[in-house]
Amino acid sequence: MTSDRSFPATGKQRQFDALVRSLSGDLFRYAYWLSGDEALAHDLVQETFLRAWRALDDLRETTAAKAWLITILRREHARLYERKVPQFTDIDDVDVPEERESQLPEFAGEEGLIRSAMLQLDPKYREPLLLQVLGGFSCDEIARELNITPAAVMTQVFRARQKLKVILAGGKPQGDVVELS
Amino acid sequence: MNCLEFRRQLGVDPHAGGDFAQHRHECSRCADAHARAIGFEKAIRSAFEIPVPERLAESILLAQATNAQRRHRQFRQRATWTAAAAGIVLAFGIGLRLQAKPLPELAINHLKKEAFVLGKTQPISDESIRKAFDTFGVTMHDIPAGASFVACCPVGKYVSVHLVVPESEGPVTLLYLVDDHSEQRLDFIKDGWFGRTVPLAHGTLVLIGHDAAHFDQLETSWRNALRTATYKT
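So the protein lines, in turn, are chains Y and W.
In this text, residue positions in the first sequence follow my numbering: the first is 386, and each later residue adds one.
In this text, residue positions in the second sequence follow my numbering: the first is 9, and each later residue adds one.
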């Protein structure tokens with residue numbers, strides 16, 4: 386990869402390479418669950434890292450890199466929707482694809498059922514759960530990232546799990562549902 | 009922590025520690041619920057971990073390298089254009105400044121800068137004088153005698169053949185400004201120097217010395233030599 390560059394790798398470049406190699410996978414997954422689209426997730430991750438490269442000097446602690454990158458990615462995702470101009474197509478011109486998302490290979494089997502269920506979750510529940518399970522962040526860290534209170538985060542991740550169970554049970558509540566006060 | 013609090017916490021974060029972990033060890037029903045929750049957590053985590061596109065990191069690094077090179081190139085182009093623009097402005101400014109200075113001042117300034125040549129007394133060859141004029145497309149057929157120095161010099165906005173002729177009253181500097189037609193014949197005194205500008209057919213002859221006694225004789229001999237010279241058009 387370094388052979389693609391015409392200039393020698395600097396300390397900054399090495400740091401960036403390490404960040405990309407260690408965190409691009411997690412960021413892609415995060416972007417995918419945020420946007421629900423693989424191609425869009427790829428673009429989001431790429432744009433996130435390009436912005437990160439330009440602002441790499443601002444990153445003082447490498448241990449905070451993941452949270453920093455996720456913040457950039459979330460902003461980039463939000464920007465995407467600010468820029469996006471909806472294109473309307475007459476309903477008669479819409480082709481209905483035979484293949485549904487749930488029929489794609491990654492949606493087959495038990496994991497596939499859970500993935501489909503996750504896509505049905507409201508983003509306000511899915512995102513904190515994603516940050517907790519995939520990102521490994523604490524409720525306080527999620528609260529800071531999403532700019533909500535820790536109590537709200539706790540409620541949302543709790544409800545997210547309950548709703549997932551309900552969806553997986555075919556719409557019926559499974560077991561005891563205990564909501565936080 | 010009681011069972012209700014445990015079940016609440018289980019839904020929030022089944023990996024919590026502290027009181028939560030302690031209650032799990034003390035209550036078998038909650039421990040079973042925890043085991044189920046951990047199984048569900050694993051399933052969620054596994055489901056979240058969708059396949060990452062092959063060579064994702066490489067494609068990002070390639071995009072970054074391409075982007076960095078493009079920015080570097082843009083920066084260099086911008087710097088080049090800025091430098092060029094600054095150069096033009098500077099050159100224009102210098103041009104205006106040089107043009108604004110009258111010829112006697114330009115000539116005296118040049119003479120001062122090259123004052124060391126005034127001490128030269130050994131006669132130089134006609135060939136070296138011929139070469140200097142040839143540089144500007146002037147072929148000299150007759151070379152007046154007596155010059156001790158010759159060089160091609162820029163004088164302000166002009167190009168010139170710079171000559172020194174040692175005389176008994178001191179050296180006289182002759183500057184032949186190639187292709188200058190704008191100056192009028194003029195005798196001047198500046199900074200203790202006597203001077204004379206002589207407009208000719210293809211340029212201007214300037215004479216400068218601390219004494220003007222030999223100006224007429226030198227003007228005549230060099231005017232004749234330059235009149236018989238051949239000029240490339």
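Even glycine gets a Cβ: it sits at the ideal position worked out from N, Cα and C.
Check, Outcome
"C-alpha distance - Y:Val481 paired with W:Thr74, whole-angstrom precision", "In this prediction, Y:Val481 has a pLDDT of 45, which is less than 50 and means its spatial position is unreliable; what the coordinates show is noted afterwards. Their backbone Cα atoms lie some 38 Å apart in a straight line."
"Beta-carbon contacts of Y:Gly421 that lie in its chain and below 8 Å, excluding the five residues immediately before and after", "Leu504"
"Contacting residues, own chain, Cβ-Cβ under 7 Å from Y:Leu408 (five flanking each side not counted)", "Ala450, Lys451 and Leu454"
"Neighbour list for Y:Asp402 in chain W, Cβ cutoff strictly below 8 Å", "Leu69"
"Proximity below 9 Å, CB of W:Val186 to CB of W:Gly211", "yes"
"Three CB pairs or more closer than 8 Å across the region 530 to 542 of chain Y and the region 24 to 42 of chain W", "no"
"Proximity winner among W:Pro110, W:Pro22 and W:Lys128, relative to W:Lys198 (alpha-carbon distances)", "W:Pro110"
"Within chain W, partners of Y:Phe543 - CB distance below 8 Å", "Arg16, Gly19 and Val20"
"Range of the contiguous beta strand (DSSP E) that encloses W:Ile197", "Leu194 to Lys198"
"Local Cβ density within 10 Å of Y:Asp389, reported as buried at 16 or more and exposed below that", "Its pLDDT being 40, under 50, Y:Asp389 is placed unreliably by the model, and the measurement read from it follows with that caveat. With fewer than 16 Cβ atoms within 10 Å of its Cβ, Y:Asp389 is classed as exposed."
"Same chain only: Cβ atoms within 6 Å of Y:Leu549, ignoring 5 sequence neighbours per side", "Ala502"
"Segment limits, alpha helix (DSSP H) that includes Y:Val551", "Pro535 to Leu553"
"Cβ shell of Y:Leu553 (< 8 Å), same chain only, five flanking positions each side left out", "Leu498, Ile499, Ala502 and Gln559"
"Within-9 Å CB hit, Y:Gly581 to chain W", "Chain Y is shown from 386 up to 566; residue 581 of chain Y falls before or after that span and cannot be answered."
"Straight-line Cα distance separating W:Phe48 from W:Pro5", "Because chain W spans 9 through 241 in this model, residue 5 of chain W falls outside it and cannot be assessed."
"N- and C-terminal bounds of the beta strand (DSSP E) containing W:Cys160", "Phe157 to Val163"
"Buried/exposed call for Y:Asp411, threshold 16 Cβ in 10 Å", "buried"
"Beta-bridge partners of W:Phe202, as assigned by DSSP", "W:Ile197 and W:Gly217"
"Length of the line joining the Cα atoms of W:Arg193 and W:Val206", "5 Å"
"W:Val60: first and last residue of the uninterrupted alpha helix (DSSP H) it sits in", "Run containing W:Val60: none; DSSP gives neither H nor E here."
"Against chain Y: residues of the region 25 to 39 of chain W by CB proximity under 8 Å", "none"
"Where Y:Leu519 sits in the DSSP three-state scheme", "coil"
"Inter-residue CB distance, W:Gly26 and Y:Gln547 (contact presumed, cutoff 8 Å)", "Contact flag wrong, Cβ pair sits at about 23 Å."
"CA nearest to the CA of W:Ile58, picked from Y:Phe413, Y:Glu446, Y:Leu435 and Y:Thr395", "Y:Phe413"
"Proximal residues of chain Y, C-beta to C-beta of W:Ala51 below 8 Å", "Glu495, Glu496 and Ile499"
"Alpha helix (DSSP H) segment containing Y:Leu429, residue limits", "Glu423 to Arg439"
"W:His170 - partner residues in DSSP beta bridges", "W:Ala159 and W:Leu183"
"Short CB-CB distance (under 9 Å) between W:Ala43 and chain Y", "no"
"Residue closest to W:Pro152, alpha-carbon to alpha-carbon, out of W:Arg235, W:Lys128 and W:His33", "W:Arg235"
"Listed by chain order, chain W residues near Y:Trp418 by CB distance under 7 Å", "Phe56"
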